[in-house]
Each structure stands twice: as structure tokens, then as C-alpha cells.
Amino acid sequence: WLALQIRAYIEANYASDLTNQSVARMFGYHPYYINSLFVKFFHETFHGFIISTRLRVAKNMLLDSYLGIGEIARACGFGSDAYFSECFKKHFGIRPGEFRNRSK
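Under the working numbering, read the sequence shown as residues 481 to 584, first letter to last.
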């Protein structure tokens, strides 16, 4: 139940500056416990879940909007365009701009 509540919170607030410390404090648990819940129930770390959520939203934005790559990165909560691009390529095997161009 707690893991689902935290997952819903992340999905609603993915663009915010989320850390396991801030979320753990909000829900009244230790950060290590929050991370262990994610590994146990979702088979990925807390941080990994945040990144994959942001990337899923960014992928949809690349397909459905005319926003620039940097605007999408910021809208999804990434601190920099370069970090966004690096994460996107690692996750999907292609850079965000290439993905957008191939999907047209």
C-alpha cells in the first residue's frame, strides 16, 4: 500500500526535485526503507523509477508536442539537457532528437 502511494506521488510530481530523502520525510519513513520498497515491489530503485517515469513522459512529449528538447527536459524534471539526453539514450538506445526525427 505504501509503495503504491509513493509511486502515485512520484507519477504526479515527477517534474519536481524529488529525492528519496524528501519523499521519505514526507511519508514519515527512512530513505533506505523507501528504496527497499521500490526494489521489492517494482524491481527498480527509487531513483531509477523517477528517471524511468520522467523518460516515459518525455518520450510522449517528443511525439506529441513541438517543444524543444531543452524545454521537454526541464518540463520533465531533468536538471540539464545533457543529462536528459544521456539518460534517454541509455534507456532507449537513441538520442531524443533522433527519436523525434525518426518518429515523424
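Glycine is no exception: its CB is placed at the ideal position from the N, C-alpha and C atoms.
Can F558 be considered in contact with the ligand GTP, in the sense that its beta carbon sits closer than 7 angstroms to one or more heavy atoms?
-> This structure simply doesn't include the ligand GTP, nor any ligand for that matter.
Where the alpha helix (DSSP H) through T533 begins and ends | F526 to D544
If we count Cβ pairs, one from each stretch, closer than 8 angstroms, do we get three or more for the stretch 503–514 versus the stretch 553–568?
-> no
Closest residue to K570 among G528, P511 and N515 (Cα-Cα distance) = Checked all of G528, P511 and N515; the closest Cα to K570 is G528.
Are there 16 or more other CB atoms within 10 angstroms of the CB of Y494, so buried, or fewer, so exposed?
-> buried
Taking C-beta to C-beta, are L517 and A488 nearer than 8 angstroms?
-> no
To the nearest angstrom, how far is it from the Cα of R554 to the Cα of D561?
-> 8 angstroms
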